[in-house]
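Numbering (our numbering), first residue to last: 13 to 62.
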(Lines of atoms letter the chains of each structure in order from A; the text may use other names.)
(Lines give C-alpha, C1' and ligand atoms only; values in the text may rest on other atoms or scores of the structure.)
Protein backbone atom coordinates (compact mmCIF):
# COMPACT_ATOMS: atom_id res chain seq x y z
CA UNK A 13 0.00 0.00 0.00
CA UNK A 14 1.24 3.45 -0.88
CA UNK A 15 -0.32 6.62 0.45
CA UNK A 16 0.55 10.26 0.76
CA UNK A 17 -1.04 12.03 3.70
CA UNK A 18 -1.02 15.60 4.97
CA UNK A 19 -1.84 16.64 8.54
CA UNK A 20 -2.74 20.20 9.55
CA UNK A 21 -4.54 19.81 12.89
CA UNK A 22 -2.41 22.12 15.04
CA UNK A 23 -2.03 25.81 15.90
CA UNK A 24 0.59 26.85 13.34
CA UNK A 25 1.07 30.33 14.78
CA UNK A 26 1.84 28.93 18.25
CA UNK A 27 4.15 26.32 16.75
CA UNK A 28 6.09 28.87 14.68
CA UNK A 29 6.32 31.36 17.56
CA UNK A 30 8.01 28.67 19.64
CA UNK A 31 10.62 27.59 17.12
CA UNK A 32 13.77 29.36 16.03
CA UNK A 33 14.60 29.83 12.34
CA UNK A 34 16.79 26.92 11.12
CA UNK A 35 16.22 25.05 14.39
CA UNK A 36 15.86 21.29 14.05
CA UNK A 37 12.27 20.40 14.92
CA UNK A 38 12.42 17.17 16.91
CA UNK A 39 9.81 14.73 18.16
CA UNK A 40 9.48 16.44 21.56
CA UNK A 41 8.71 19.83 20.01
CA UNK A 42 6.08 18.28 17.71
CA UNK A 43 4.64 16.38 20.68
CA UNK A 44 4.40 19.62 22.67
CA UNK A 45 2.93 21.91 19.99
CA UNK A 46 1.11 19.44 17.71
CA UNK A 47 -0.04 16.54 19.92
CA UNK A 48 -2.95 15.62 17.64
CA UNK A 49 -0.47 15.03 14.81
CA UNK A 50 1.41 12.53 17.01
CA UNK A 51 -1.82 10.84 18.08
CA UNK A 52 -3.13 10.63 14.52
CA UNK A 53 0.05 9.19 13.04
CA UNK A 54 0.29 6.65 15.87
CA UNK A 55 -3.29 5.55 15.23
CA UNK A 56 -2.60 5.20 11.51
CA UNK A 57 0.57 3.23 12.24
CA UNK A 58 -1.30 0.91 14.61
CA UNK A 59 -4.08 0.43 12.03
CA UNK A 60 -1.63 -0.37 9.24
CA UNK A 61 0.22 -2.86 11.46
CA UNK A 62 -2.99 -4.68 12.44
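Note that the Cβ used here is the ideal one computed from N, Cα and C, for glycine as well. On a predicted model such as this, the values are computed, not experimentally measured, just so you know.
Would you call the CB atoms of residue 22 and residue 48 closer than 9 Å? yes
Return the CA-CA distance between residue 17 and residue 45, expressed in angstroms with no decimal places. 19 Å
For the candidate residues 14, 19, 15, whose alpha-carbon lies nearest to that of residue 51? 19
Please determine whether the Cβ atom of residue 35 lies at a distance below 8 Å from any heavy atom of the ligand MG. What this structure holds is no ligand at all, so the ligand MG is not there to describe.
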